[in-house]
Amino acid sequence: MINPLPIASHPGGLLCLLPQLANRHGCITGATGTGKTVTLQVLAQALSDIGVPVFMADVKGDLSGLGKAGSASPKTTARLAQLGLPEPAWTAAPVAFWDVYGQQGHPVRATISDMGPLMLARMLNLNDTQQGVLQLVFKIADDHGLLLLDTKDLRAMLQHVGENAAQFKTEYGNISAASVGAIQRGLIAIDEQGGDQFFGEPMLNIEDWMQTDAQGRGVINILAADKLMNAPRLYSTFLLWMLSELFEHLPEVGDLDKPKMAFFFDEAHLLFDEAPKPLLQKIEQVVRLIRSKGVGIYFVTQNPLDIPDTVLGQLGNRVQHALRAYTPRDQKAVQAAAETFRPNPMVNTAQAITELGVGEALVSFLDDKGRPNMVERGYVLTPASQIGPLSAEERRALIASSLVAGVYEQAIDRESAYERLKGRAVQQPQAAPAPTPNQPSAPAPAPAPAPPPVDDNAWGASAGHTAPAPATGSRPSGGARMPSRQPQPQPQAQPLPQQDEGGGLGDLLKDAAGGLFGSGNRRSDSPLQAMVKSAARSIGSQVGRELIRGVLGSLMKKR
């Protein structure tokens, strides 16, 4: 059995957190400047000393001092003398720094698909209709094997779905162009807040936050959140994503002698502000069930009423710093906060909350049977690490010596929805070029075995060539008019039958024939040639009709 962890001191002794009950969650509340950060530092380092990995968000930058050993000062010496406690063993805790923007720590990334439509909808501040469209986009991407890894993947997928909404309508339902546009605008806003750096690969392996050093102490993972706080939706969604990752990946272990991990969520009210009901239900479910996976969650906020009752009722270990009650509304909040503690006849809880000094708190931890102890008024112990931030040089040195140094620094952009959809657009088949006068319009098929010779006249002579007399049996049995695959020799113009010398109409027709067949490069005929051609066609038609009548008449007479 691990010894209890001393957190605060009061006249009756030390107020200790039982390690086996640290997974029953807790909260640290109080107004600004009352000592919440130091309390968080003491509690985190106490858990780290017994081998519990810790995660915390550093909103102000003060928590980086955990990575450096503290030292005695006149102020700390006087405080220790007041409490009657010995000077602590000044030691630094093993720390790892993380930063969504990759500036003050190792980069932290997640993929769009791993974040999921529910949390992404909260980040983008979507209404129910827009969230439904976003869920359809995720579904279509899954069905078509398109990976959503970063924001450009989601943007390309939204464009693809919007342009093909009619195609997806029958299978997935209506897809509103207005909703697609709203999601696109939300993505632009998130990118401006740093979402383009958060979404991508390599994605954070949650196991890298559950490490211990060579001495068996748990590594304290500190997320630089001073800049991230300027994007509150990105900050809160990131914390919820981490919590859900733990919930999904850790196995059930029941009650252990110490937690497998402890989470401290600073500015916890951001998790619940304007959160839709489905998301609140998910948070409540995770908080209720993650205890059996060996994870303790501690919310840090100004007022316990910032936390929904369904979640607040599950927080067994509580530290309440001072609250200010300058208005009737503040007084109601103080009274409500006092009622969340188990009463102590020796302590007027509501009065004490407004009288607490800096570093003083009302404390109630669970006893060995899991029951809340009566509230006690005490002083938080002095941490063994430095109170205050590290210098930039000290931070860089700790980042370089981290266990995960170099693992997440280089971003990876593998083939995903953006590349697939972009490549599909580039590879669209191009329109076939228009056929030239000397080129057939359709591609030539494979030649049939041993075909008979085919001349140009049977297939359709090319422009500018003289058509010879048709060859018998040259057309295929199907009657299809297809171009010959092998080039045919250029046919020579056959000489016209010689007519009797004598001029007149014969010479005129001869001249006309010369104009017809001998000048293929001329674009137009002379008026005389045009008249002769017309007359020749008329004569030819009349002679042809007379011949047909004569042949048919002779046949009928024979019958």
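Okay, so the sequence shown: first residue is 1 according to full-length UniProt numbering, each after it adds one.
All residues carry an ideal CB built from backbone N, CA and C; glycine is no exception.
**Neighbourhood of residue 180 by C-beta, 6 Å cutoff - its chain only, sequence neighbours within 5 removed** = Counted from its first residue, the sequence shown places residue 180 at position 180. Answer for residue 180: 158 and 162, listed in chain order.
**Asked** Ends of the alpha helix (DSSP H) at residue 269?
**Response** Start at 1 with the first residue of the sequence shown, and residue 269 comes out as number 269. Counting along the chain, the alpha helix (DSSP H) containing residue 269 begins and ends at 269-272.
**Message:** My output table needs one value for residue 160: the three-state DSSP class, helix, strand or coil.
**Reply:** Indexing the sequence shown from 1 puts residue 160 at position 160. Residue 160 falls in the helix class under three-state DSSP.
**Item:** Counted within 10 angstroms of its Cβ, other Cβ atoms place residue 357 as buried (16 or more) or exposed
**Value:** For the purposes of this step, residue 357 is taken as residue 357 along the sequence shown, with counting starting at 1. Residue 357 comes out exposed.
**Message:** Would residue 297 and residue 290 be called neighbours here (beta carbons separated by less than 8 Å)?
**Reply:** Within the sequence shown, the letter at position 297 stands for residue 297. Within the sequence shown, the letter at position 290 stands for residue 290. In this structure, residue 290 lies closer than 8 Å to residue 297 by Cβ.
**Message:** Under 7 Å: does the beta carbon of residue 150 sit that close to some heavy atom of the ligand ATP?
**Reply:** What this structure holds is no ligand at all, so the ligand ATP is not there to describe.
**Request:** Using three-state DSSP, classify residue 490 as helix, strand or coil.
**Result:** The residue you call residue 490 lines up with position 490 of the sequence shown. At residue 490 the pLDDT is 47, less than 50, meaning the model places this residue with poor confidence; the figure from the coordinates comes in the next sentence. DSSP places residue 490 in the coil class of the three-state scheme, outside both helix and strand.
**Message:** Report the start-end ranges of each alpha helix (DSSP H) in the region 269-325 that is 4 residues or longer and not cut off at the edges.
**Reply:** You should have 269-272, 277-289 and 309-312.
**Request:** Answer yes or no: does any C-beta atom of chain B fall closer than 8 Å to that of residue 373?
**Result:** Although the question refers to chain B, the structure presented lacks it and comprises just one protein chain.
**Asked** For residue 3, which of 341, 258, 398 and 388 has the nearest alpha-carbon?
**Response** The sequence position of residue 3 within the sequence shown is 3, counting from 1. Put simply, of 341, 258, 398 and 388 the residue whose alpha carbon is nearest the alpha carbon of residue 3 is 258.
**Request:** If I'm right that residue 47 touches residue 384 with Cβ under 8 Å, what's the distance once you round it to whole angstroms?
**Result:** In the sequence shown, residue 47 corresponds to position 47, counting from 1. In the sequence shown, residue 384 corresponds to position 384, counting from 1. With 8 Å as the limit, residue 47 and residue 384 do not qualify as a contact, their Cβ atoms being about 13 Å apart.
**Request:** Ignore the nearest five residues each way along the sequence and tell me which others in residue 253's own chain have a CB closer than 8 Å to its CB.
**Result:** The residue given as residue 253 occupies position 253 in the sequence shown. The residues are 260, 292, 293 and 294.
**Prompt:** Where residue 74 and residue 88 are concerned, what is the direct C-alpha to C-alpha distance, given to the nearest angstrom?
**Reply:** Your numbering for residue 74 matches position 74 in the sequence shown. Your numbering for residue 88 matches position 88 in the sequence shown. One C-alpha to the other measures close to 14 Å.
**Request:** Verify whether the separation of the beta carbon atoms of residue 372 and residue 29 is less than 8 Å.
**Result:** Here residue 372 refers to the residue found at position 372 of the sequence shown. Here residue 29 refers to the residue found at position 29 of the sequence shown. The answer is no: Cβ separation not under 8 Å.
**Asked** Which two residues bound the contiguous alpha helix (DSSP H) that contains residue 241?
**Response** Here the question's residue 241 lines up with position 241 in the sequence shown. Taken as a continuous stretch (DSSP letters only), the alpha helix (DSSP H) holding residue 241 covers 232-249.
**Request:** Compute the Euclidean distance between the alpha carbons of residue 406 and residue 51, then round it to the nearest angstrom.
**Result:** As a working mapping, residue 406 is identified with position 406 in the sequence shown. As a working mapping, residue 51 is identified with position 51 in the sequence shown. Cα to Cα, the separation comes out at about 24 Å.
**Request:** Give the straight-line distance between the Cα atoms of residue 245 and residue 114, rounded to the nearest whole angstrom.
**Result:** Here residue 245 is taken as the residue at index 245 of the sequence shown, counted from 1. Here residue 114 is taken as the residue at index 114 of the sequence shown, counted from 1. Taking the straight line from one Cα to the other gives about 9 Å.
**Asked** Based on Cα-Cα distance, which residue from 38, 23 and 21 lies nearest to residue 360?
**Response** Indexing the sequence shown from 1 puts residue 360 at position 360. Here the closest residue by C-alpha is 38.
**Request:** If I'm right that residue 363 touches residue 334 with Cβ under 8 Å, what's the distance once you round it to whole angstroms?
**Result:** Position 363 of the sequence shown, counting from 1, holds the residue named residue 363. Position 334 of the sequence shown, counting from 1, holds the residue named residue 334. Between residue 334 and residue 363 the Cβ distance is about 17 Å, and since that is not below 8 Å, they are no contact.
**Item:** Top-ranked residue by Cα proximity to residue 95, from 239, 35, 396 and 221
**Value:** Along the sequence shown, read from residue 1 onward, the residue named residue 95 stands at position 95. Restricting attention to 239, 35, 396 and 221, the CA atom closest to the CA of residue 95 is found in 221.
**Item:** Beta-carbon proximity check, residue 401 vs residue 106, cutoff 8 Å
**Value:** Position 401 of the sequence shown, counting from 1, holds the residue named residue 401. Position 106 of the sequence shown, counting from 1, holds the residue named residue 106. No, they are not a contact pair.
**Prompt:** Ordered along the chain, which non-local residues of its own chain (more than five positions away) have a Cβ less than 7 Å from that of residue 236?
**Reply:** Translated into the one-based positions of the sequence shown, residue 236 becomes position 236. Closer than 7 Å at Cβ, skipping near neighbours: 270 and 271.
**Message:** Give me, in chain order, the residues of the same chain whose beta-carbon lies closer than 6 Å to that of residue 231; leave out the 5 immediate sequence neighbours on both sides.
**Reply:** In the sequence shown, counting from the first residue as 1, residue 231 sits at position 231. Counting only Cβ-Cβ distances below 6 Å, and skipping sequence neighbours, we find 193.
**Prompt:** Looking at residue 187 and residue 151, is the spacing between their C-beta atoms short of 8 Å?
**Reply:** As a position in the sequence shown, residue 151 is number 151, starting the count at 1. As a position in the sequence shown, residue 187 is number 187, starting the count at 1. In contact: residue 151 and residue 187 (Cβ atoms closer than 8 Å).
**Message:** Please give the ranges of any alpha helix (DSSP H) in the region 27-87, keeping only runs that are unbroken, at least 4 residues long and fully inside the region.
**Reply:** Complete alpha helix (DSSP H) runs here, min 4: 36-49 and 74-83.
**Message:** Tell me the rounded alpha-carbon separation between residue 6 and residue 71.
**Reply:** Taking the sequence shown and counting its residues from 1, one reaches residue 6 at position 6. Taking the sequence shown and counting its residues from 1, one reaches residue 71 at position 71. Taking the straight line joining both Cα atoms gives about 20 Å.
**Prompt:** How about residue 347 and residue 375: do their beta carbons lie closer than 8 Å?
**Reply:** Looking up residue 347 in the sequence shown gives position 347. Looking up residue 375 in the sequence shown gives position 375. For the 8 Å CB-CB criterion, residue 347 and residue 375 form a contact.
**Message:** Quick check on the burial criterion: 16 or more other C-beta atoms within 10 angstroms. Buried or exposed for residue 58?
**Reply:** Here residue 58 is taken as the residue at index 58 of the sequence shown, counted from 1. It counts as buried.
**Request:** Might you give, ordered along the chain, the residues of its own chain that have their beta carbon closer than 6 Å to the beta carbon of residue 138, omitting 5 neighbours on each side?
**Result:** On the sequence shown, position 138 is the one that residue 138 refers to. Within the same chain, residue 138 has close Cβ partners 117.
**Message:** Please classify residue 67 as buried or exposed, where buried requires at least 16 neighbouring CB atoms within 10 angstroms.
**Reply:** As a working note, residue 67 is residue 67 in the sequence shown. Residue 67 counts as buried, since no fewer than 16 other beta carbons sit within 10 angstroms of its beta carbon.
**For residue 378 and residue 15, believed in contact at Cβ under 8 Å, the rounded distance** = Taking the first residue of the sequence shown as 1, we reach residue 15 at position 15. Taking the first residue of the sequence shown as 1, we reach residue 378 at position 378. Right, the Cβ-Cβ distance comes to about 5 Å (below 8 Å), so this counts as a contact.
**Request:** Put residue 118 into one of helix, strand or coil per three-state DSSP.
**Result:** To locate residue 118, count along the sequence shown from 1; it is residue 118. Collapsing the DSSP output to three states places residue 118 in a helix.
**Asked** For the beta strand (DSSP E) that contains residue 6, what are its first and last residues?
**Response** For the purposes of this step, residue 6 is identified with residue 6 of the sequence shown, where counting begins at 1. For residue 6, the enclosing beta strand (DSSP E) begins and ends at 5-10.
**Request:** Starting from the C-beta of residue 184, find all residues in its chain whose C-beta is less than 7 Å away, skip the five residues before and the five after it, and write them out in chain order.
**Result:** Indexing the sequence shown from 1 puts residue 184 at position 184. So the qualifying residues of the chain are 155 and 158.
**N-terminal and C-terminal residue of the alpha helix (DSSP H) that residue 412 is part of** = As a working mapping, residue 412 is identified with position 412 in the sequence shown. The continuous stretches of alpha helix (DSSP H) do not include residue 412, and DSSP gives it neither H nor E.
**Request:** Identify whether residue 350 lies in helix, strand or coil by the three-state DSSP scheme.
**Result:** In the sequence shown, counting from the first residue as 1, residue 350 sits at position 350. If DSSP states are grouped into helix, strand and coil, residue 350 belongs with the helices.
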